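**Q** In the working numbering, the protein residues as written are 102 to 189.
Following this message is one structure expressed as structure tokens.
Here it is in structure tokens:
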């Protein structure tokens, strides 16, 4: 709902959501199609000397736009990349 609302408010359309038709635009993307835009994200955890390091794949411009339409800063994603954790 939030993405649809903000697309309408900004009088914009969102392209790149439809596999096989990346130029197709919509003002009313479904939750399912929005989630599918994030399916290629990979979280890699590497343990080195009893510390765990996290690495995330970079966000595409489409994913960044969706986060913005949801009202989230991209930092909620990027702050996780490169973090280290000590296992308990």
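A virtual CB, placed ideally from N, CA and C, is assigned to each residue, including glycine.
None of the values given here were measured: they were computed from a predicted structure.
#1: Of all the options 106, 175, 104 and 127, which has the alpha carbon lying nearest to the alpha carbon of residue 114?
#2: Check the C-beta distance from residue 186 over to residue 152 and give it rounded, since I have them as a contact under 8 angstroms.
#3: Quick one: what does DSSP say residue 111 is sitting in, helix, strand or coil?
#4: Can you give me the start and stop residues for the alpha helix (DSSP H) that residue 134 sits inside?
#5: Checking 8 angstroms against the spacing of the C-beta atoms, do residue 103 and residue 145 come in under that value?
#6: Can you name the start and end residues of the beta strand (DSSP E) that residue 153 belongs to?
**A** Inspection of the coordinates gives the following:
#1: Nearest option by C-alpha distance: 127.
#2: Sure, about 7 angstroms apart at Cβ, within 8 angstroms.
#3: DSSP places residue 111 in coil when its eight states are reduced to three.
#4: Run containing residue 134: 132-137, per the alpha helix (DSSP H) assignment.
#5: The answer is no: Cβ separation not under 8 angstroms.
#6: Residue 153 -> beta strand (DSSP E) spans 152-157.
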